[in-house]
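In my numbering, the protein residues as written are 46 to 150.
One structure is given below, encoded as structure tokens.
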């Protein structure tokens, strides 16, 4: 409803929050459903139904499906990998995260 009044208002979609809050559906489906309104996508893993921001591979995120959905909608916004709870291990996680992103394309 708010976007009807303010069409320039865009969304940030956090795939972990979709995994936690959506009773059904997947982050990839949420990306497709909100294709025209997305400005920023936060990428991180999470177990379904649990609010935990995890490195890729430690939760249930189908990263390949998320990246595919972003390509399908020709997403031109920003994707941010969120490692906020693991910043102390960034020196290890950043290379692992980049490698996993490349393998999931």
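Glycine included, every Cβ here is placed at the ideal spot set by N, Cα and C.
Computed from a predicted model, the values in this text were never measured in an experiment.
So is residue 52 buried or exposed if we call it buried at 16+ other beta carbons inside 10 Å?
That one is exposed.
Would you check if the distance between the CB atom of residue 60 and the CB atom of residue 89 is smaller than 8 Å?
Against a cut-off of 8 Å, the Cβ pair of residue 89 and residue 60 comes out as a contact.
Helix, strand or coil: how does DSSP classify residue 95 here?
coil
Start and end residues, alpha helix (DSSP H) containing residue 136
135–149
contact_flag[the segment 75–83, the segment 92–108] where n(CB pairs < 8 Å) is 3 or more
Put simply, the segment 75–83 does not touch the segment 92–108. Fewer than three CB pairs are less than 8 Å apart.
Would you mind working out which of 137, 62 and 119 sits nearest residue 94, comparing C-alpha positions?
The residue from 137, 62 and 119 with its alpha-carbon nearest to that of residue 94 is 62.
With a 10 Å radius around its C-beta and 16 neighbouring C-beta atoms as the bar for buried, classify residue 57 as buried or exposed.
exposed
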